[in-house]
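Q: Numbering that gives the first Met the number 0 applies: residue 0 is where the sequence shown begins, and numbers increase by one.
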Amino acid sequence: MEDIRQDMTIGEALQASPKIAPVLMQIGMHCLGCPASMGETLEEAAMVHGIDVNELMDQIKMAVEE
Numbered sequence: 000m001e002d003i004r005q006d007m008t009i010g011e012a013l014q015a016s017p018k019i020a021p022v023l024m025q026i027g028m029h030c031l032g033c034p035a036s037m038g039e040t041l042e043e044a045a046m047v048h049g050i051d052v053n054e055l056m057d058q059i060k061m062a063v064e065e
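#1: Just to check my reading of the structure: E42 and Q5 have Cβ atoms closer than 8 Å, yes? What is that Cβ distance to the nearest angstrom?
#2: Can at least three beta-carbon pairs, one atom from the segment 57-64 and one from the segment 28-39, be found at a separation below 8 Å?
#3: By how many angstroms is the C-alpha of H48 removed from the C-alpha of G27?
#4: Around the C-beta of M0, are 16 or more other C-beta atoms found within 10 angstroms, so that it is buried, or is it exposed?
#5: Count the other CB atoms, across all protein chains shown, that sit within 10 Å of the CB of A45; report buried if there are 16 or more and exposed otherwise.
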């Protein structure tokens, strides 16, 4: 599995590790399969949902390591 980076699209990140889906759902991304969200980067998603991108990346890292 490759490292998940904040400049990856949500689609790329989910392909790298489906384990991150609950983390994304928890921040309000309830439509992970929507075309718009699949083209959005993790950094953009964090901004849109009012979460610090570094906090999001920490949560993703924990989910991937489980």
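Where a beta carbon is used, it is the ideal one built from N, C-alpha and C, also for glycine.
A: Put simply:
#1: The Cβ separation is near 4 Å, so the contact holds.
#2: Verdict: no, contact absent.
#3: So the two alpha carbons sit approximately 7 Å from each other.
#4: Per-residue confidence for M0 stands at a pLDDT of 46, beneath the threshold of 50, marking its modelled position as unreliable; the derived number appears in the next sentence. A residue is called buried once 16 or more other Cβ atoms fall within 10 Å of its Cβ, and M0, having fewer, is exposed.
#5: Label assigned to A45: buried.
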